[in-house]
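Each remark here refers to the structure printed beneath this line.
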Amino acid sequence: MSGTVILKWGGGLITRKSNLCEANYGVIDSLSEICRRFDKNLVIIHGAGSFGHLKAKKYRLAEGNIPGIDQNTGVKEVRNDMLELNSIVVKSLQNHGLSVMTYPPHKWATGTGPNFSGELPVHEGITVVYGDVVDDSEKGFGILSGDDLMFRYATELPNVKRAVFAIGGVDGILRVPPEHAKPEDLIEVWSPQMEFEGEHASDIDVTGGIGLKAARGAMIAEKGVDVLIINGEIPERVLSAINGQSVKGTRIVSGNS
Ligand code: IPE
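The working numbering numbers the first residue of the sequence shown as 70 and each following residue consecutively.
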């Protein structure tokens, strides 16, 4: 096995986003099956969806410690909910016969954003990490998005072949909000100079929605790694994307090349 692919399982893909802590087992198993058919090392970074955003929003965890508000319960609950989602993901991969190790970020990472601190853990086989509530030296705690983990894994591990963001409900970055989009509204090649009406469900989403994926994708592309955003509900697309074959979706370029 030579080379590693970094693959995000978006939270909106693997959970039902508006129902608290409801995993989408069908999608998770179909993604595990795709990983079984892949012959390189994989780092899987999963998002939170309804296991993270709803309570993180309620307790205002992305803002860090706010004097006078009891957020400790929120920190504990979201960490536990994320451990539960993580164990659903890991069990599914293991049920497909894969060698998996998972490393909860609140145990090894501190700080938020792309410059968080901590040595990236890696397992020979499948490494699983996820967006989490981490400690922060200034704010007390904060939300480390899986998209920031994507950036660091894709740019710091040796021999990374590509980075793929598998998301739910859309085929890639769209020019207009999904409910108004026609097939020709899929942006096939996106660079940071291009505008799009990025849907960011700020009523539920405490990180950055598709806009953060696009921004981190461009930072990864700038380092010379291929980046794709694809619809993870169509398993064959995920397999083609991680294998580097042409696939429907959005290729992200840095704009400097
Ligand atoms: C968010 O992680 C983590 C929490 C809210 C605890 P992500 O930013 O990677 O999650 P998704 O993919 O948007 O759900």
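Idealized CB from N, CA, C, for every residue including glycine.
Across the structure, Ser71 and Lys109 are spaced so that their CA atoms are roughly 6 Å apart. The three-state secondary structure of Met170, taken from DSSP, is strand.
In this structure, DSSP gives Lys230 an extended state, which the three-state scheme calls strand. Look at the segment 81-148 and you find these whole runs of alpha helix (DSSP H), each 4 residues long or longer: 94-105, 122-127. The nearest non-hydrogen atom of the ligand IPE is less than 6 Å from the C-beta of Ser214. If you draw a 10 Å sphere on the C-beta of His249, you find fewer than 16 other C-beta atoms in it, and that means exposed. The DSSP-derived three-state label of Asp201 is strand. Between Asp205 and Gly182, the CB-CB gap reaches or exceeds 7 Å. In this structure, the beta-carbon distance from Asp216 to Arg285 falls below 7 Å. With fewer than 16 neighbouring CB atoms inside 10 Å of its own CB, Ser156 falls in the exposed class.
Taking all protein chains shown into account, Gln140 has 16 or more neighbouring C-beta atoms within 10 Å of its C-beta and is therefore buried.
In chain order, Ala235, Ile236, Gly237, Gly238, Val239, Asp240, Gly241, Arg306, Lys317, Gly318 place their CB closer than 8 Å to the CB of Asn300, counting only its own chain and leaving out the 5 sequence neighbours on each side. Taken through DSSP and simplified to helix, strand or coil, Phe185 comes out as coil. Taking the Cα positions, Pro227 is about 25 Å away from Trp259. Counting along the chain, the unbroken alpha helix (DSSP H) around Arg306 starts and ends at 304-312.
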